[in-house]
Amino acid sequence: MVLGEAQILGQLKDAVRAAEQAGALGSTLNQLFQRSFAVAKEVRSSTEIGAHSISMAAASVRLASQLFENLQDIRILFVGAGEMNELVATHFAAKQPKGMVIANRSLDRAELLAHRFGADVMP
């Protein structure tokens, strides 16, 4: 977990919006989420929690850079082809690794992401 990273909060807001549109969000749960969002906003504005935050994707590249001498010498396997791995792949692709491989249960989605980044697909 990365302190101050907003990706998860955004995903939660999207999920609440979808549940609300589907009529699957009761008033008590809706109030709880809305209060949680308000508190998150208050914390971000009244503290410096977001001042130096980096995304989970950027943190992944930073950690890999510490673990490996040269990212251009490694091949990277991404398990899953969802939104988060798309962001992570974007950050890693900028470092020009030796290769990237996308493994996903849906071959179509893996191929789509692999095509975008010039990666291989692992069925």
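The numbering of the sequence shown is the UniProt record's numbering, which starts it at 1 and goes up by one. Beta carbons: idealized from backbone N, C-alpha and C, even for Gly. Being a predicted model, the structure only gives us computed values, none of them experimental.
query: Evaluate contact between the stretch 56-76 and the stretch 92-104, counting only Cβ atoms and requiring at least three cross-stretch pairs below 8 Å.; result: yes
query: For the beta strand (DSSP E) that Leu71 lies in, which residues bound it at each end?; result: From DSSP, Leu71 is part of no beta strand (DSSP E); its letter is neither H nor E.
query: Thinking Leu25 and Val39 are a contact (beta carbons under 8 Å), I'd like their distance in whole angstroms, please.; result: Actually they do not touch by this definition, with Cβ atoms about 18 Å apart.
query: Candidates Ser65, Leu107, Lys13, Thr90: which alpha carbon is nearest Gly118's?; result: Thr90
query: Please list the segments of the alpha helix (DSSP H) lying wholly inside the stretch 89-122, counting only runs of 4 or more residues, in order along the chain.; result: 107-117
query: Out of Asp120, Ala110, Leu9, Ala94, which one is the CA nearest neighbour of Gln34?; result: Leu9
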